[in-house]
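Protein sequence lines correspond, in order, to chains A and B. Going by the UniProt record's numbering, the first residue of the first sequence is number 1, and it counts up by one from there. Going by the UniProt record's numbering, the first residue of the second sequence is number 1, and it counts up by one from there. C-beta atoms are modelled at their ideal positions from N, C-alpha and C, and glycine is treated no differently. Predicted, not measured: the structure shown is a model, and the values here were computed from it.
Number of protein chains: 2
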Amino acid sequence: MAATSIKEVARHAGVSLGTVSNVLNRPNTVSPATRQRVLDAIAALGYVRNDSARQLRAGQSRTIAIVVLDVANPFFTDVVRGAEQVVEEAGAMLVVCNSGEDGARERRHLDLLEEQRVRGVLITPVGHGRHPGLERLHERGIPVVLVDRGSGRASRCSVAVDDVLGGRLAVEHLLDRGHRRIAYLGGPLTIPQVADRHAGAAAALAERHPDTPLRVATTNTLTVAAGRRAAEDLLALPARQQPSAVFCANDLIALGVLQQLTERGVRVPDDMAIVGYDDIEFAGAAAVPLSSVRQPRELLGRTAAQLLLEESTAGAEHRHRHVVFQPELVVRRSSDHRRP
Amino acid sequence: MAATSIKEVARHAGVSLGTVSNVLNRPNTVSPATRQRVLDAIAALGYVRNDSARQLRAGQSRTIAIVVLDVANPFFTDVVRGAEQVVEEAGAMLVVCNSGEDGARERRHLDLLEEQRVRGVLITPVGHGRHPGLERLHERGIPVVLVDRGSGRASRCSVAVDDVLGGRLAVEHLLDRGHRRIAYLGGPLTIPQVADRHAGAAAALAERHPDTPLRVATTNTLTVAAGRRAAEDLLALPARQQPSAVFCANDLIALGVLQQLTERGVRVPDDMAIVGYDDIEFAGAAAVPLSSVRQPRELLGRTAAQLLLEESTAGAEHRHRHVVFQPELVVRRSSDHRRP
DNA sequence: CCGGGCGGCTGAAACGTTTTACGGGCGATA
DNA sequence: TATCGCCCGTAAAACGTTTCAGCCGCCCGG
Numbered sequence: 001m002a003a004t005s006i007k008e009v010a011r012h013a014g015v016s017l018g019t020v021s022n023v024l025n026r027p028n029t030v031s032p033a034t035r036q037r038v039l040d041a042i043a044a045l046g047y048v049r050n051d052s053a054r055q056l057r058a059g060q061s062r063t064i065a066i067v068v069l070d071v072a073n074p075f076f077t078d079v080v081r082g083a084e085q086v087v088e089e090a091g092a093m094l095v096v097c098n099s100g101e102d103g104a105r106e107r108r109h110l111d112l113l114e115e116q117r118v119r120g121v122l123i124t125p126v127g128h129g130r131h132p133g134l135e136r137l138h139e140r141g142i143p144v145v146l147v148d149r150g151s152g153r154a155s156r157c158s159v160a161v162d163d164v165l166g167g168r169l170a171v172e173h174l175l176d177r178g179h180r181r182i183a184y185l186g187g188p189l190t191i192p193q194v195a196d197r198h199a200g201a202a203a204a205l206a207e208r209h210p211d212t213p214l215r216v217a218t219t220n221t222l223t224v225a226a227g228r229r230a231a232e233d234l235l236a237l238p239a240r241q242q243p244s245a246v247f248c249a250n251d252l253i254a255l256g257v258l259q260q261l262t263e264r265g266v267r268v269p270d271d272m273a274i275v276g277y278d279d280i281e282f283a284g285a286a287a288v289p290l291s292s293v294r295q296p297r298e299l300l301g302r303t304a305a306q307l308l309l310e311e312s313t314a315g316a317e318h319r320h321r322h323v324v325f326q327p328e329l330v331v332r333r334s335s336d337h338r339r340p
Numbered sequence: 001m002a003a004t005s006i007k008e009v010a011r012h013a014g015v016s017l018g019t020v021s022n023v024l025n026r027p028n029t030v031s032p033a034t035r036q037r038v039l040d041a042i043a044a045l046g047y048v049r050n051d052s053a054r055q056l057r058a059g060q061s062r063t064i065a066i067v068v069l070d071v072a073n074p075f076f077t078d079v080v081r082g083a084e085q086v087v088e089e090a091g092a093m094l095v096v097c098n099s100g101e102d103g104a105r106e107r108r109h110l111d112l113l114e115e116q117r118v119r120g121v122l123i124t125p126v127g128h129g130r131h132p133g134l135e136r137l138h139e140r141g142i143p144v145v146l147v148d149r150g151s152g153r154a155s156r157c158s159v160a161v162d163d164v165l166g167g168r169l170a171v172e173h174l175l176d177r178g179h180r181r182i183a184y185l186g187g188p189l190t191i192p193q194v195a196d197r198h199a200g201a202a203a204a205l206a207e208r209h210p211d212t213p214l215r216v217a218t219t220n221t222l223t224v225a226a227g228r229r230a231a232e233d234l235l236a237l238p239a240r241q242q243p244s245a246v247f248c249a250n251d252l253i254a255l256g257v258l259q260q261l262t263e264r265g266v267r268v269p270d271d272m273a274i275v276g277y278d279d280i281e282f283a284g285a286a287a288v289p290l291s292s293v294r295q296p297r298e299l300l301g302r303t304a305a306q307l308l309l310e311e312s313t314a315g316a317e318h319r320h321r322h323v324v325f326q327p328e329l330v331v332r333r334s335s336d337h338r339r340p
């Protein structure tokens, strides 16, 4: 029962090993009568293919992995859903791994995935994305597609959104609304998305007000809780140094800031404007609907998966591509207030 | 390179196959000198274990799967995080599968997982949880733990929260606040959680007002979009039939309702009170902070994973357990208003 | 009537591990 | 010094597939 193998099926149907395998993999090379006999045997014995053996023979699995920074972040869940669609259509299986912004955990996951000889990996790496784990996958011939990360390297595909532009859009909007003391909240800056959004924001501010620096408050993670703490730090500043607007590295931070400010009686956007990033589903439903930079999340996931499948099938003649999408600013109430 | 096997390592180190395997699995049975030689060879060749072969030999994998109804629902992402902790501590790997409330997809996933001979499955099944897929896993000796679902069956473990009590808490609270025309929003009722919460709500109402029925509006899914549509339907009712309070099967529905009502100028809680379910992180950050029935989400995941690991190691002498947690009502502004 | 081709099936090899039975030294003990 | 264990290490079998070379019988054309 537990050990129903192709061999038992063969015996039960009175045929050879190879024939059963043919029924499974190339049904039309087997005569209808035999085929039926084998299928009956399979049903009678409750036989289920053993994927390990298949993989061992084939040298690779039908599994594709996606490694994200935070499974609980709605941005990534949407990316996952996009990827899922494409992967399942291709008859493969998507496994979701969570690095939790922790390099060591990411590393462990990649090691495990390499041991499993996965067919490919979609990843938003924790750091710069050059660590040996990724390189090794590449050397082994396992395709890797960077998600939400541009890549200078020609050696792999990537799918990204122009984060520098996103940062710029956010800050230009705030400047248009009359703000000048603007703070950027998020971190750690080792996360490239965080750094790029910062770069765009700083550039936009520098162009219009070369002498006004962009205040930066870094957080350890991109979560609601971190946002609350950051807001608290902001409120501790002397009044003169307090910004009139904050641009947050993602919506979770922004929602945390919003909650904390509201709790402390600071009015949004009158006393302080907020712009977030990602435009997750909950941004529009917030206490004060949140302005945010929208990214095409599902499209990001779908495209990444497509590139991966293409590379995995095309093999040597595959040409690496770098797809970059444009973000889009969605203005809602949290920043829709002209500064007097 | 791509095909570095244990055999090549052995040749390179000048030892036999078995010795390399011993170094990997029982390092202390091999002399330090030889061990070092083997380790050097491994490093030099960049050898990585082939998990397929391992599994094939072992007969089962080190992978544990969790099948959830919706990866994008914060309730499940928290359950996943809880399970993840436990599973990783045990040196196994957690793969997340998304059924999307779709029975066929759930079925496909279970088939694939069975082919992979996973070590166990945590699942919140789409329907009643008695379909042949789950039975088959059980017959094959693969442990299954039901998550967020009580189980009448003694044949497997389960971890759940008392949803009937949760429904009751919500409605009793609304009754205390002077409401009487109460509606229950959510669906489909084939999802046991949805049905149980409804049962508790209906019972609570019946006890206090035997002649007042609980109005029910069912949705197709438990998403924000479905909530918006449900609210729209509600508003289309003649004024006399409109409820003064709605209890929603989960927070996503509740947030959708809230958004739509706000958009249509209905004041919450003055014109209509709302109570959600799950108390997801975003509930407190909503336009009107949402009252909600809180469930111990991470604990649910952790406990489920623990039961699974226990069953998987204990084997025959394992006794199935059914853990039930108590929900807790969190009152926030969306229902904090005494009806005149 | 013979040779060739072909459809349908068989049998064995191979994938990379782990495990187990076994062998060859070597030190300790009598 | 001979014998017994003991420690290291070896070789081979087994796990369940897939694939490939080959075999058999049949039909068809010559």
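{"Asked": "If you measure from the beta carbon of B/Asp278 to each beta carbon in chain A, is any gap under 8 angstroms?", "Found": "no"}
{"Asked": "To the nearest angstrom, report how far apart B/Ser155 and A/Ser99 are at their CA atoms.", "Found": "34 angstroms"}
{"Asked": "Would a C-beta distance cut-off of 8 angstroms place B/Ala217 and B/Ala202 closer than the cut-off?", "Found": "no"}
{"Asked": "Is A/Leu214 close to the ligand MN? I mean its beta-carbon at under 7 angstroms from any heavy atom of the ligand.", "Found": "Ligands displayed in this structure: none; no statement on the ligand MN is therefore possible."}
{"Asked": "Confirm, please, whether the CB-CB distance from A/Val246 to A/Leu185 is below 8 angstroms.", "Found": "yes"}
{"Asked": "For the segment 123 to 134 of chain B against the segment 112 to 119 of chain A, do three or more pairs of beta-carbon atoms, one drawn from each stretch, fall closer than 8 angstroms, so that the two count as touching?", "Found": "no"}
{"Asked": "Does the CB of B/Leu255 have a neighbour CB from chain A at under 8 angstroms?", "Found": "yes"}
{"Asked": "From B/Glu298 to B/Ala92, what distance separates their C-alpha atoms?", "Found": "18 angstroms"}
{"Asked": "How close, in whole Å, do the beta carbons of B/Val288 and B/His173 come, if the pair is a contact with beta carbons under 8 angstroms?", "Found": "Wrong, their Cβ atoms sit about 16 angstroms apart, outside the cutoff."}
{"Asked": "Taking buried to mean at least 16 other C-beta atoms within 10 Å of its own C-beta, is A/His209 buried or exposed?", "Found": "exposed"}
{"Asked": "List the residues of chain A whose Cβ lies closer than 9 angstroms to the Cβ of B/Pro74, in chain order.", "Found": "Ala72, Pro74, Thr77 and Phe282"}
{"Asked": "Could you list which residues in chain B have their beta carbon closer than 7 angstroms to that of A/Leu235, in chain order?", "Found": "Near A/Leu235 there are no residues of chain B at all, since even the closest Cβ is about 18 angstroms away, more than 7 angstroms."}
{"Asked": "Quick one: list the residues of chain B neighbouring residue 342 of chain A, beta-carbon separation under 9 angstroms, in chain order.", "Found": "This structure cannot settle anything about residue 342 of chain A, because the visible part of chain A is limited to 1 through 340."}
{"Asked": "Go ahead and label A/Glu101 buried or exposed: buried means 16 or more other beta carbons lie within 10 angstroms of its beta carbon, across all protein chains shown.", "Found": "buried"}
{"Asked": "Distance, Cα to Cα, B/Val323 vs A/Glu106?", "Found": "32 angstroms"}
{"Asked": "Tell whether a beta-carbon distance below 8 angstroms holds between A/Leu300 and A/Val164.", "Found": "no"}
{"Asked": "Could you please give the first and the last residue of the uninterrupted alpha helix (DSSP H) stretch that includes A/Arg302?", "Found": "Arg297 to Ala314"}
{"Asked": "Write down the C-beta distance between A/Val293 and A/Tyr277 rounded to the nearest angstrom, noting that I regard them as a contact closer than 8 angstroms.", "Found": "5 angstroms"}
{"Asked": "Select from B/Gln242, B/Thr190 and B/Val224 the residue whose C-alpha is nearest the C-alpha of B/Ala183.", "Found": "B/Gln242"}
{"Asked": "Name the residue from A/Ala170, A/Arg168 and A/Val145 whose alpha carbon lies nearest to the alpha carbon of A/Ala160.", "Found": "A/Val145"}
{"Asked": "Less than 8 angstroms between CB atoms is the rule here; does B/Arg81 satisfy it with respect to chain A?", "Found": "yes"}
{"Asked": "One question on the structure: do B/Phe282 and B/Leu255 come within less than 8 angstroms of each other, judged by their Cβ atoms?", "Found": "yes"}
{"Asked": "Nearest chain A C-beta to B/Leu134 closer than 8 angstroms, yes or no?", "Found": "no"}
{"Asked": "Taking the alpha carbon of B/Ile142 as the reference point, which residue from B/Pro125, B/Gly150, B/Val121 and B/Val38 has its own alpha carbon closest?", "Found": "B/Val121"}
{"Asked": "Using alpha carbons as the reference points, say which of A/Val20, A/Phe325 and A/Leu94 lies closest to A/Asp162.", "Found": "A/Phe325"}
{"Asked": "Just the C-alpha distance for B/Gly166 and B/Pro269, rounded to the nearest angstrom, thanks.", "Found": "20 angstroms"}
{"Asked": "At a CB distance below 7 angstroms, what residues from the segment 103 to 117 of chain A approach chain B? Give them in sequence order.", "Found": "Leu112, Glu114, Glu115, Gln116 and Arg117"}
{"Asked": "In chain B, which residues lie less than 7 angstroms from A/Glu172 when you measure between Cβ atoms?", "Found": "Here the premise fails: no neighbours, minimum Cβ distance about 27 angstroms."}
{"Asked": "Leaving out the 5 sequence neighbours to the left and right, which residues in its chain are closer than 6 angstroms to A/Asp279 when beta-carbon positions are compared?", "Found": "Ser292, Arg294 and Val330"}
{"Asked": "Which residue spans inside the segment 258 to 283 of chain A form an unbroken beta strand (DSSP E) run of at least 3?", "Found": "273 to 278"}
{"Asked": "Check the Cβ of A/Val293 against every Cβ in chain B and list those closer than 7 angstroms, keeping chain order.", "Found": "Near A/Val293 there are no residues of chain B at all, since even the closest Cβ is about 19 angstroms away, more than 7 angstroms."}
{"Asked": "Considering only C-alpha positions, which residue in the set B/Gly227, B/Gly82, B/Arg11 and B/Arg215 is nearest to B/Arg240?", "Found": "B/Arg215"}
{"Asked": "If we define contact as Cβ-Cβ less than 8 angstroms, is A/Ser155 a contact residue for chain B?", "Found": "no"}
{"Asked": "Apply the 10 Å Cβ neighbour rule to B/Leu17 and answer buried if 16 or more other Cβ atoms are within range, or exposed otherwise.", "Found": "exposed"}
{"Asked": "Please confirm whether B/Val224 has its beta-carbon closer than 8 angstroms to some beta-carbon of chain A.", "Found": "yes"}
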